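Novice: Numbering (the working numbering), first residue to last: 4 to 550.
Heads up, the beta-carbon is just placed ideally off N, CA and C, and yes, glycines get one too.
Note that the structure is a prediction, hence the values are computed from the model and not measured.
Before we start, here is the structure in question, set down as structure tokens.
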């Protein structure tokens, strides 16, 4: 029996919740955790003497549990008549002072500044599913109206990017202080557990708007707040924790021995990389003693670049020699001070078992951090090739190497040549992002314009896919990428000549100047009769798939 909605819009529909709670019956539905998981953070920000508005209470037991530990001034509201009737009946004798009212959270009857706290467990996530979040904005505005100065909006959320961005930007514009906690995860396996971490958004109302945003991020209930300066920084940190959570779930279920997963742990104060941890699982069928589940190997200082430790094949050999089901190879970084090996072990001991606290960067060849790169990879589906036919790709622009490695690792029978202008970019990708070229992934240092011109002039070269993912250093043009020379008609002719008969040209276009964008499209359409465009909602990027 399905209880979850078929479409996102149903989440904010009163009819949907009526059907939901009738199907659910007496069984409580605990969004993102119960009182035992949330009590620490709730007691931190909501005091027993506070008048609290519980927004979208549902049939959760949270309000009942809060009431039982002393919170007697709770006003619970929900849009569903079924749930309000049920909750009042359930608590009429045992908790006669617990108040449940059928109220629309976007239009409440309460006076201004009549509550000291508003508690929201999953309601924002549900309401923000409406197109452009119009309903959620109304709810947040209403919450702001009924909260007194110094009052807090405490929202338990999965922090989907569109949802958390809407809420954070709303309160930042009002001059409120915004703090986000990423709660430490439990390895839940039940129907109400989530793979993604649960966040708690705490927004505090001030009498006068603050002149500059107050944005803070905390790990766990009592983590030290880290001050951020801009909303995009906060959103990026959220994405990092979510990506790490997905990776942890993947690691819990095991990885393929050929996969490359690494974590870079940074210094808490400086933010500089301090350790890199590469995870290597044993090969399928390996005869490993039952007691040899997990081990950590610390690479001796000065040996970081040795093949045995720095290459995937080397680590496989090391893991085979160690004969553990999972080996974590720890590399120390230069320009960092380490007292002695005992100090390193002491520092790593709590981290290797709970990396969540120290994660500052995630590297995995199976993870694309940019949405436009996902579109580029999806564009390869346009290729008309047989199942085992080789595919050749020319990629201009290396960046951190994620796209290049993803193509190498997940596109069957592919060979990738990357052209990168700046050798420092290759050095950074290798040193900090785990980029590892091989016979199927090569890098040519040089100008992309010159490289393509030379290949076209030599003749005999053909690529199934040519990708431009290169930025423009001239910020005055209104086009951040690519440089204009890459989309001139004469140069596009060379690109066309290098493509196989059914080849595809893929361009990451980042252009705010509408006239310039139109000019680029005209140049491309002069060479390629078919152009598919996909704009990336959260960015200026637009991916053009040309054939």
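#1: Between residue 407 and residue 444, how many whole angstroms is the CB-CB distance? I'm expecting something under 8 Å.
#2: How big is the Cα-Cα spacing for residue 377 and residue 399?
#3: Please report the straight-line C-alpha distance between residue 251 and residue 308, rounded to a whole angstrom.
#4: Among 542, 302, 427, which has the Cα closest to the Cα of residue 402?
#5: Measure how close the beta-carbons of residue 49 and residue 120 come, nearest whole angstrom, since I'm counting them as under 8 Å.
#6: Assuming residue 58 and residue 203 form a contact by the criterion Cβ under 8 Å, report the distance between their Cβ atoms to the nearest whole angstrom.
#7: For the stretch 60 to 101, list the alpha helix (DSSP H) runs that are entirely contained and at least 4 residues long, ordered along the chain.
#8: To the nearest angstrom, how far is the alpha carbon of residue 467 from that of residue 386?
#9: Between which two residues does the alpha helix (DSSP H) carrying residue 210 extend?
#10: Any idea if residue 310 is buried or exposed, counting beta-carbon neighbours within 10 angstroms, 16 or more meaning buried?
#11: For the stretch 427 to 438 against the stretch 465 to 484, do three or more pairs of beta-carbon atoms, one drawn from each stretch, fall closer than 8 Å, so that the two count as touching?
#12: I'd like the list of long-range same chain contacts for residue 454, defined as Cβ closer than 7 Å, with 5 residues on each side in sequence excluded.
#13: Pick out whichever of 374, 459, 534 has its Cα sitting closest to the Cα of residue 540.
#14: Helix, strand or coil for residue 504? Go by DSSP, reduced to three states.
#15: Shortest alpha-carbon distance to residue 44 belongs to which of 544, 156, 435, 525?
#16: Ignore the nearest five residues each way along the sequence and tell me which others in residue 431's own chain have a CB closer than 7 Å to its CB.
#17: From the DSSP output, which residues share a beta bridge with residue 544?
#18: Quick one: is residue 128 buried, meaning 16 or more other Cβ sit within 10 Å of its Cβ, or exposed?
#19: Just to confirm my understanding: we take residue 188, look at its own chain, exclude 5 residues before and 5 after, and list those with CB closer than 6 Å. What are they?
#20: Among 36, 103, 482, 72, which one has its Cα closest to the Cα of residue 60?
#21: Using the Cα positions of residue 301 and residue 243, report the straight-line distance between them to the nearest angstrom.
#22: What are the boundary residues of the alpha helix (DSSP H) that residue 45 is part of?
#23: Measuring CA to CA, which of 283, 169, 318, 150 is closest to residue 139?
#24: Which residues does DSSP pair with residue 276 in a beta bridge?
#25: May I have the straight-line CA-CA distance separating residue 29 from residue 90, to the nearest angstrom?
#26: When burial is assigned at 16 or more other CB atoms within 10 Å of the CB, is residue 296 buried or exposed?
#27: For residue 282, which option in 342, 434, 70, 312 has the closest C-alpha, if you only look at C-alpha atoms?
Specialist: Reading it off the structure:
#1: In the chain shown, the residue the question calls residue 407 occupies position 404. In the chain shown, the residue the question calls residue 444 occupies position 441. Indeed they touch by this definition, with Cβ atoms about 6 Å apart.
#2: Your numbering for residue 377 matches position 374 in the chain shown. Your numbering for residue 399 matches position 396 in the chain shown. For residue 377 and residue 399, the distance between alpha carbons rounds to 17 Å.
#3: As a working mapping, residue 251 is identified with position 248 in the chain shown. As a working mapping, residue 308 is identified with position 305 in the chain shown. Using only the alpha carbons, I get a separation of about 27 Å.
#4: Here residue 402 refers to the residue found at position 399 of the chain shown. For residue 402, the nearest C-alpha among the options comes from 427.
#5: As a first step, residue 49 is located in the chain shown; it is residue number 46 there, counting from the start. As a first step, residue 120 is located in the chain shown; it is residue number 117 there, counting from the start. Contact annotation, residue 49 with residue 120: C-beta distance approximately 5 Å; criterion of less than 8 Å satisfied.
#6: Sequence index remark: in the chain shown, residue 58 carries index 55 (1-based). Sequence index remark: in the chain shown, residue 203 carries index 200 (1-based). Wrong, their Cβ atoms sit about 14 Å apart, outside the cutoff.
#7: 65 to 71, 84 to 94
#8: Position 464 of the chain shown, counting from 1, holds the residue named residue 467. Position 383 of the chain shown, counting from 1, holds the residue named residue 386. Roughly 8 Å between the two C-alpha positions.
#9: By one-based count along the chain shown, residue 210 stands at place 207. Premise fails: residue 210 is in no alpha helix (DSSP H) and is neither H nor E.
#10: Numbered from its first residue, the chain shown carries residue 310 at position 307. Classification of residue 310: exposed, given that the 10 Å Cβ count is below 16.
#11: no
#12: Sequence index remark: in the chain shown, residue 454 carries index 451 (1-based). Only 422, 447 meet the Cβ criterion.
#13: For the purposes of this step, residue 540 is identified with residue 537 of the chain shown, where counting begins at 1. Among 374, 459, 534, the Cα nearest to that of residue 540 is on 374.
#14: By 1-based counting over the chain shown, the position of residue 504 is 501. Three-state result, residue 504: strand.
#15: Translated into the one-based positions of the chain shown, residue 44 becomes position 41. Ranking 544, 156, 435, 525 by Cα distance to residue 44 puts 156 first.
#16: In the chain shown, residue 431 corresponds to position 428, counting from 1. Cβ within range, chain order: n/a, list empty.
#17: For the purposes of this step, residue 544 is taken as the residue at position 541 of the chain shown. Answer is 513.
#18: Counting from 1 along the chain shown, the entry for residue 128 is found at position 125. That one is buried.
#19: One-based indexing of the chain shown puts residue 188 at position 185. Within the same chain, residue 188 has close Cβ partners 200.
#20: On the chain shown, residue 60 is found 57 positions in, with the first residue counted as 1. Per the Cα distances, 103.
#21: Counted from its first residue, the chain shown places residue 301 at position 298. Counted from its first residue, the chain shown places residue 243 at position 240. If I take the Cα positions, the gap works out to 25 Å.
#22: In the chain shown, counting from the first residue as 1, residue 45 sits at position 42. From DSSP, the alpha helix (DSSP H) with residue 45 extends over 38 to 48.
#23: Within the chain shown, numbered from 1, the residue matching residue 139 stands at position 136. For residue 139, the nearest C-alpha among the options comes from 169.
#24: As a position in the chain shown, residue 276 is number 273, starting the count at 1. Beta-bridge pairing links residue 276 to 269.
#25: Walking along the chain shown from the start, residue 29 turns up at place 26. Walking along the chain shown from the start, residue 90 turns up at place 87. Confidence is the limiting factor: at residue 29 the pLDDT is only 47, short of 50, which leaves the residue's position unreliable, though a coordinate-based value still follows. The alpha-carbon atoms of residue 29 and residue 90 are separated by roughly 10 Å.
#26: Along the chain shown, one-based indexing puts residue 296 at 293. Answer is exposed; the Cβ neighbour count stays below 16.
#27: The residue given as residue 282 occupies position 279 in the chain shown. Ranking 342, 434, 70, 312 by Cα distance to residue 282 puts 312 first.
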